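This note's numbering numbers the first residue of the sequence shown as 76 and each following residue consecutively.
The beta-carbon is built from N, C-alpha and C at its ideal position, and this holds for glycine as well.
These figures come from a predicted structure and were not determined experimentally.
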Amino acid sequence: MLSVLSYGRLVARAVLGGLSQTDGRDYKLISASYGFGKDFRKGILKKGMCYGDDACFVARHKSADVLGVADGVGGWRDYGVDPSQFSATLMRTCERLVKEGRFTPSNPVGILTSGYYELLQNKVPLLGSSTACIVVLDRRSHRLHTCNLGDSGFLVVRGGEVVHRSDEQQHYFNTPFQLSIAPPGAEGVVLSDSPEVADSSSFDVQLGDIILTATDGLFDNMPDYMILQELKKLKTTNYESVLETAQSIAKQAHDLAYDPNYMSPFAQFACDNGLNVRGGKPDDITVLLSIVAEYTD
76 MLSVLSYGRL VARAVLGGLS QTDGRDYKLI SASYGFGKDF RKGILKKGMC YGDDACFVAR
136 HKSADVLGVA DGVGGWRDYG VDPSQFSATL MRTCERLVKE GRFTPSNPVG ILTSGYYELL
196 QNKVPLLGSS TACIVVLDRR SHRLHTCNLG DSGFLVVRGG EVVHRSDEQQ HYFNTPFQLS
256 IAPPGAEGVV LSDSPEVADS SSFDVQLGDI ILTATDGLFD NMPDYMILQE LKKLKTTNYE
316 SVLETAQSIA KQAHDLAYDP NYMSPFAQFA CDNGLNVRGG KPDDITVLLS IVAEYTD
């Protein structure tokens, strides 16, 4: 038999749980991006929000906030193709679809699929490949819906701890899943994955949760504990603070990428695969940092 005190605690928990589940406030994401291209043009965006061959976007619609990052596959440069064109065009297309309301918040794979197939049907020639990660906050339900294809990804941080993260998709070492458009006649030769195989998840978020979406240039150079140390600097929900923290994370990742004596996560992964590698991994770095706040606009 429950004591009066125990029963009271159960009632209190039930009431608090009910209030949490029926929170009528809409949420939003306050987001800022920062990054580096391998050509050292720190924090400089090319058209289409690109850092080197990486691209990203932030789009808002009445029902949701949507983020995206894509990492153009640099190997295309050996064939005279600018790798940034594919990733940038993919992200711009996904951004436009969101702004036009042509998406369902609970189905980020649908955004990626529609954007990719629009590229395939485009009359303007486009070649290349990229990874892609799409993150959607449904303002009313407070759920985060995500899809990730390849080795870009995201972390959700609450109370200084990682409470949710994307799963990386690799065919084999340093060869991530990717969307591709191949030259005519080479469709069966170029590695190409369907957007429908992207890893998907849904997750309830809370006010103050931090969402870090990034390309592999970050995750290959900074382990979680370093990222969490930098995120402690994010004390408020204003844009300037979010941008300053994004800059700090990207700069540290960039410095580590060119440290020959640093055992980076990428170098550790390479060693685990039988390769003798040490140092950081020089790469394009894109950090898209967001914090969940109450929607007051």
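Chain D within 9 Å of residue i, Cβ atoms only
| i | result |
| --- | --- |
| T188 | In summary, chain D is missing from the structure at hand, where a single protein chain is found. |
Secondary structure of residue i, DSSP reduced to three states
| i | result |
| --- | --- |
| M297 | coil |
| Y337 | coil |
| Q96 | For Q96, the predicted model reports a pLDDT of 48, less than 50, meaning its position is unreliable; a value from the coordinates is still stated below. The answer is helix: DSSP assigns Q96 an H, G or I state. |
| T179 | coil |
| R240 | strand |
| I220 | The residue asked about is misnamed: residue 220 is His in this sequence, not Ile. H220 falls in the strand class under three-state DSSP. |
| L424 | No answer is possible for residue 424: the residues shown for the chain start at 76 and end at 372. |
| V272 | helix |
| L230 | strand |
| T188 | helix |
| D359 | coil |
| G150 | helix |
| D291 | helix |
| D129 | strand |
Rounded straight-line distance, which links the Cα of residue j to that of residue i
| i | j | result |
| --- | --- | --- |
| K310 | P158 | 37 Å |
| Y333 | S339 | 10 Å |
| A381 | L282 | Look at the range of the chain in this structure, 76 to 372, and you will see that residue 381 is not part of it. |
| S377 | A134 | Residue 377 lies beyond the stretch modelled for the chain, which goes from 76 to 372, so this question has no answer here. |
| P180 | D213 | 6 Å |
| Q160 | P335 | 30 Å |
| P266 | Y102 | Here residue 266 is Leu; the residue named in the question, Pro, does not match the sequence. Computed Cα separation, rounded: 39 Å. |
| I302 | S316 | 16 Å |
| T290 | G228 | 6 Å |
| S162 | L201 | 11 Å |
| L350 | T164 | 35 Å |
| L104 | D279 | 14 Å |
| L224 | G99 | 33 Å |
| A130 | L363 | 10 Å |
| R88 | R233 | Reliability of the predicted coordinates at R88 is poor, the pLDDT of 40 falling under 50, and no value is obtained from them. |
| H329 | P258 | 33 Å |
| D299 | A273 | 23 Å |
| M166 | D268 | 17 Å |
| L230 | N348 | 25 Å |
| V148 | K307 | 32 Å |
| L331 | E243 | 21 Å |
| V156 | F178 | 31 Å |
Beta-bridge pairing of residue i - partner residues as DSSP gives them
| i | result |
| --- | --- |
| K103 | A368 |
| Y251 | Checking the displayed sequence, the identity of residue 251 turns out to be Pro instead of Tyr. DSSP output for P251 lists Q245 as bridge partner(s). |
| D279 | R218 |
| A134 | V141 |
| I285 | V232 and I366 |
| A207 | A145 and L224 |
| Y109 | V362 |
| G263 | In the DSSP output, where bridge partners are listed per residue, G263 has none listed. |
| I256 | G203 |
Neighbour-count burial assignment, residue i, 16 or more Cβ in a 10 Å radius
| i | result |
| --- | --- |
| Q196 | exposed |
| H246 | exposed |
| Y210 | Position check: residue 210 holds Val in this sequence, whereas Tyr was assumed. Flag for V210 reads buried. |
| Q96 | Residue placement at Q96 is poorly supported in this model, since its pLDDT is 48, which falls under 50; the coordinates are not used for a value here. |
| C346 | exposed |
| T206 | buried |
| E271 | exposed |
| F248 | exposed |
| V173 | buried |
| E170 | buried |
| T320 | buried |
Residue j beta carbon less than 9 Å from that of residue i
| i | j | result |
| --- | --- | --- |
| H217 | S276 | no |
| T361 | V144 | yes |
| D359 | G127 | yes |
| G176 | K137 | yes |
| M297 | Q327 | yes |
| L254 | Y154 | no |
| D140 | S365 | yes |
| L142 | T288 | yes |
| G292 | F132 | no |
| F341 | D295 | yes |
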